[in-house]
Structure formats: structure tokens, C-alpha cells
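J.:
Protein chains: 2
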Amino acid sequence: MYKVLGTSHSGNSYKVKLLLSQLQIPHTWQETDILQGATRTPEFLAMNPNGKVPLLQVGPGRYLPESNAILCYLADGSPLWPADRWGRADTLRWMFFEQYSHEPYIAVARFIMKFLPPDHSRRAEVPGLYDRGYKALGVMEQRLSAHPYFVGDAYSIADIALFAYTHVAADGGFALERYPAVTAWIERVAAQPRFIPLETH
Amino acid sequence: MYKVLGTSHSGNSYKVKLLLSQLQIPHTWQETDILQGATRTPEFLAMNPNGKVPLLQVGPGRYLPESNAILCYLADGSPLWPADRWGRADTLRWMFFEQYSHEPYIAVARFIMKFLPPDHSRRAEVPGLYDRGYKALGVMEQRLSAHPYFVGDAYSIADIALFAYTHVAADGGFALERYPAVTAWIERVAAQPRFIPLETH
Chain W
381 MYKVLGTSHS GNSYKVKLLL SQLQIPHTWQ ETDILQGATR TPEFLAMNPN
431 GKVPLLQVGP GRYLPESNAI LCYLADGSPL WPADRWGRAD TLRWMFFEQY
481 SHEPYIAVAR FIMKFLPPDH SRRAEVPGLY DRGYKALGVM EQRLSAHPYF
531 VGDAYSIADI ALFAYTHVAA DGGFALERYP AVTAWIERVA AQPRFIPLET
581 H
Chain X
381 MYKVLGTSHS GNSYKVKLLL SQLQIPHTWQ ETDILQGATR TPEFLAMNPN
431 GKVPLLQVGP GRYLPESNAI LCYLADGSPL WPADRWGRAD TLRWMFFEQY
481 SHEPYIAVAR FIMKFLPPDH SRRAEVPGLY DRGYKALGVM EQRLSAHPYF
531 VGDAYSIADI ALFAYTHVAA DGGFALERYP AVTAWIERVA AQPRFIPLET
581 H
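Protein chains in written order, with the working numbering: chain W, 381 to 581; chain X, 381 to 581.
#1: Could you say if the region 392 to 406 of chain X and the region 420 to 429 of chain W meet the contact criterion of at least three C-beta pairs nearer than 8 Å?
#2: Can you give the Cα-Cα distance for Ala555(X) and Val488(X), rounded to whole angstroms?
#3: For Lys383(W), list the residues DSSP reports as bridge partners.
#4: Is there a C-beta anywhere in chain X that falls below 8 Å from the one on Gln499(W)?
#5: In this structure, how does DSSP classify Arg442(W) when only helix, strand and coil are distinguished?
#6: Closer than 6 Å by C-beta to Leu460(X): which residues in its own chain qualify, once you throw out the five before and the five after it? Chain order, please.
#7: When Cβ atoms are compared, which residues of the region 504 to 537 of chain X fall closer than 7 Å to chain W?
#8: Tell me, to the nearest whole angstrom, how far the beta carbon of Pro434(X) is from that of Gly386(X); I am working on the premise that it is less than 8 Å.
#9: I'd like the span of the alpha helix (DSSP H) that includes Met493(W), first residue to last.
#10: CB-CB under 8 Å to Lys494(X), same chain, minus the five flanking residues each way: which ones, in chain order?
#11: Given a cut-off of 8 Å on the beta-carbon distance, is the pair Ser447(X) and Glu411(X) in contact?
#12: Just to confirm, is the Cβ distance from Ala449(W) to Ala469(X) under 8 Å?
#13: On the DSSP letters alone, give me the boundaries of the alpha helix (DSSP H) that Val325(W) sits inside.
#14: Could you work out which residue in Leu542(W), Phe477(W), Tyr529(W), Arg568(W) is closest to Ser393(W) when comparing CA atoms only?
#15: Just list the residues that DSSP pairs Gly534(W) with in beta bridges.
#16: Where does Ser525(X) land, buried or exposed, given buried means 16+ other C-beta within 10 angstroms?
#17: If contact means a Cβ-Cβ distance below 9 Å, which residues of the region 464 to 476 of chain X contact chain W?
#18: Can you tell me whether Arg502(W) is buried or exposed? The criterion is at least 16 other CB atoms within 10 Å of its CB, across all chains shown.
#19: Is the beta carbon of Leu444(W) sitting closer than 8 Å to the one on Ile540(W)?
#20: Would you say Thr546(X) and Ile566(X) are within 8 Å of each other, going by their C-beta atoms?
#21: Pull out every residue of the region 480 to 500 of chain W whose Cβ sits closer than 8 Å to any Cβ of chain X, in chain order.
#22: List the residues of chain W that Ala449(X) touches, going by C-beta distances under 7 Å, in chain order.
#23: Going by alpha carbons, who is nearest to Pro406(X) out of Ala418(X), Val384(X), Gly417(X)?
#24: State the CB to CB distance for the pair Val569(W) and Pro462(W), rounded to an integer number of angstroms; the pair is presumed to be in contact (CB under 8 Å).
#25: At what residues does the alpha helix (DSSP H) containing Arg558(X) begin and finish?
#26: Leaving aside the five residues before and after Tyr485(X) along the sequence, list all residues of the same chain whose C-beta is less than 6 Å from its C-beta, in chain order.
#27: Could you confirm whether any beta carbon from chain W is found closer than 8 Å to the beta carbon of Glu423(X)?
#28: With the cut-off set at 8 Å, would you say Leu517(X) and Val562(X) are in Cβ contact?
#29: Is the CB of Leu444(W) under 8 Å away from at least one CB in chain X?
#30: In whole angstroms, what separates the C-alpha of Ala544(W) from that of Leu578(W)?
#31: Determine the direct distance from the alpha carbon of Lys515(W) to that of Thr419(X), and round the result to whole angstroms.
#32: Since I believe Val548(W) is in contact with Arg473(W) (beta carbons under 8 Å), could you give me their beta-carbon distance rounded to a whole number of angstroms?
#33: For the region 382 to 397 of chain X, which residues have a beta carbon sitting closer than 9 Å to at least one beta carbon of chain W?
#34: Indicate whether at least one CB of chain X lies closer than 8 Å to the CB of Asp456(W).
#35: Could you give the distance in angstroms between the alpha-carbon of Ala504(W) and the alpha-carbon of Arg574(X)?
Shown next, in the form of C-alpha cells:
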């Protein structure tokens, strides 16, 4: 059985939890508190030298880090990852977009605003994160104005990857209501079978 | 025939150029000067709303952005992208690592130090980029101390993705000589058949 090491209030970990639910894949979940340094212990670094969750244990001594690589692995053979060459490349295009042009702004703003104290020095970074975060939302809005989902016209792991931090972007101060196509897509994703919400305690 | 829009001195564009050479895939190359705003024109944004190179034209009106998604697409069916489920996931793991934990530090330091004037205000960012850039090099060193390449024991597109900016990390001020396994790997990659160097004019 798969074991996931993850932090339930983290969007990157939530991607994996949502996919496991939607594909009804049996697994165990080991809650790993990044704020308490649980990804910095020698034991954790032996499993993932990069010190990040989520981390999927595929077998004895075999670990897969990187949330989007985990999505690809778990969705293999399911309709959520297209099997054809173009569909796979187009899915990866949006997943790399998410990690490079979206998460570092939208997720980081959320982390600073939601999980650090109001007087923390990192608050100074937030205004600078808005420019590029809004740019990413603009790219998404353009796509979703003409299509219901990111790849072809079907729900896929690209939607899961982008949903994770987009639907809680307001936590970081982003005004999602400016993006009606993104907002409608959030509702479509949340209406998928076996959808589960992000834990926001 | 494929057409690539790319910037020859950019590591992300070079990944595509190197793979096309190694797989001997016929293509045309349209040099696109990011420093002159060529990725910000309405014509370019119609092809890639995210305004970035490299961009692969796969067919009429069909464009694929994101360097690592392009590598996956072009390497499909070749030995450079493993066909088995674990091999693919493990390759993607390193490619997502590259875009999230490596490129934003090592490539950005190079950009600031090599392409901006010495008195540019962004020089102030560089010391902050070293911590996380060196952390990425440490993760690579650990892998390469025990294996010749990143995935299994064979050269793959994960090596191409990580080679692009690692081998010119000194341009940004990184001391690569502290990482003997990385340095030896750079030499192994540069000795691959049909290797071509990054243009560093």
C-alpha cells in the first residue's frame, strides 16, 4: 500500500490527497509538520534530500518527491492523465507552468499571510508577489475563458495541480473575483466526483 | 518540420537545442531576443500567453511552451525518456526539482551577473540566491556521488534539464569546484554523442 508523507494544510500535499481520493487508491497518510521542522530531520532527508513534502513511498526504500511527479505516477493508466503524446505534453506544460510561474507567487503569498505572524518580516515580500501571481491568474483566465479545463476539454491532473493553490489564493490577498472564468472553473473542479476539500485549520 | 522559438544564450532554450541535436530531429530555429522584448509582442503572446521561450511549434496553430514539457514531447519514444511508469515518474521528479528548486536560483543569479549591467539594482538579490542554489547543488552532489546520471544509470532528459544551467553556474558566481561529483557529471554529459555547447556570446 502507498504511504504519503504530507502536510494537510499545504496545497502541494493536498494535490496528492485529492487525486488519491478521486482515484480511490488505498494508502496511509503520515502527517508531517513542515512548520515544526519534520522535513529537516536526518530520517526525512534520507528519504528526500531536498527536504520537502509531499513524498510518496512507492515500495521499500523507494520514494518519489515533487507533487506533480507524484500526480503523474499515480494517475498513470487513469483518464486523469491522457495517454497520447500531445495530451501528456500539454498536461505537463500546465504542471510546469504551475510550479514555475504560479506556485512561487500564489502559494508563497498564502504561506506568509496565513501561517506567519502579522508582524513577520516576510510580509514585505507580499506586494512583490502580486504582480507575478496576477499574471499567472491572467494566463489561466485566458485559457478557461475558452475551455472548461486546462487540457483538451476534460478534467485532468493539470486541473488538480492548478486548483490546489488557486482556490485558496484569497488567503494570500489575491482578488479572485476579478477572474470569472477561473472562479467558474473552481466550482467545476469542486463538483468532481469524490472531491475532498483542503484542510484549512 | 518543428519550429523552435528560442534564445540561444538561455539555458532553458538550450535544453531544447541540445536534445534536438542529440536525437537528430530536423527543425528550424527562430532566434527570439528576450532582452529586446520579443516575447512581449501581441504576436508572441498569441502563441504563448505566458510570454516565455522556448516555444515549440508542433503544427499549424499548435504551440508547446515550458522547456521541460518540450523535452518530454520530443524525447517520446527515444531512450532519453524511459517508457516505464517508475522511470518516467523519476525523470519528472528531477525535472520538477530543476524548475522549482534549482533554476530560480542558479539561472537567475547567472542572468543578473552576466546579462545585467554591474550597477543594476538586481545585484542585491544575488547573495540571497546562493543559499538555495547551493542547496540544490548539494542535492545533485548526493545523487551523483552514487550514480553516473539522475535516472537509473543512464543519460536522460533529466540530465539535459539539469545540465543547462548547472554547467554555467560559475557565470552567476557559484563555486562548482566544491562539488566533485557534479563536476565529473558535467564532463560525462559534455562527452555524449552529438553534444553541442551553449552559446555564451
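Beta carbons are placed, not taken as given, at the ideal position from N, Cα and C, and that holds for glycine.
It should be emphasised that the depicted structure is a prediction, and the values quoted were computed from it without experimental measurement.
T.: Answer, in terms of the structure:
#1: no
#2: The C-alpha of Ala555(X) lies about 16 Å from the C-alpha of Val488(X).
#3: Thr408(W), Gln437(W)
#4: Residue 499(W) is actually Asp in this sequence, not Gln. It does not; no Cβ of chain X falls within 8 Å.
#5: Arg442(W): strand per DSSP, three-state reduction.
#6: Correct list, in chain order: Ser536, Ile537.
#7: Per Cβ criterion, the list reads Val519, Gln522.
#8: 4 Å
#9: Boundaries for Met493(W): no alpha helix (DSSP H) harbours it, and the DSSP string shows neither H nor E there.
#10: Asp551, Gly552
#11: no
#12: yes
#13: The structure shown does not extend to residue 325(W), since chain W spans only 381 to 581, so no value can be given for it.
#14: Leu542(W)
#15: The sequence shown places Ala at residue 534(W), rather than the Gly named in the question. DSSP output for Ala534(W) lists Val531(W) as bridge partner(s).
#16: exposed
#17: Arg465, Trp466, Arg468, Ala469, Asp470, Thr471, Leu472, Arg473, Trp474, Met475, Phe476
#18: exposed
#19: no
#20: Here Thr546(X) is near Ile566(X), since their CB atoms are less than 8 Å apart.
#21: Tyr480, Ser481, Glu483, Pro484
#22: Ala469, Leu472, Arg473, Phe476
#23: Val384(X)
#24: Not really, about 17 Å apart at Cβ, beyond 8 Å.
#25: Note, Arg558(X): premise wrong, no alpha helix (DSSP H); not H, not E.
#26: Leu509, Arg512, Gly513
#27: no
#28: yes
#29: yes
#30: 8 Å
#31: 14 Å
#32: Rounded to the nearest angstrom, the Cβ distance from Arg473(W) to Val548(W) is 23 Å, too far for a contact under 8 Å.
#33: none
#34: yes
#35: 48 Å
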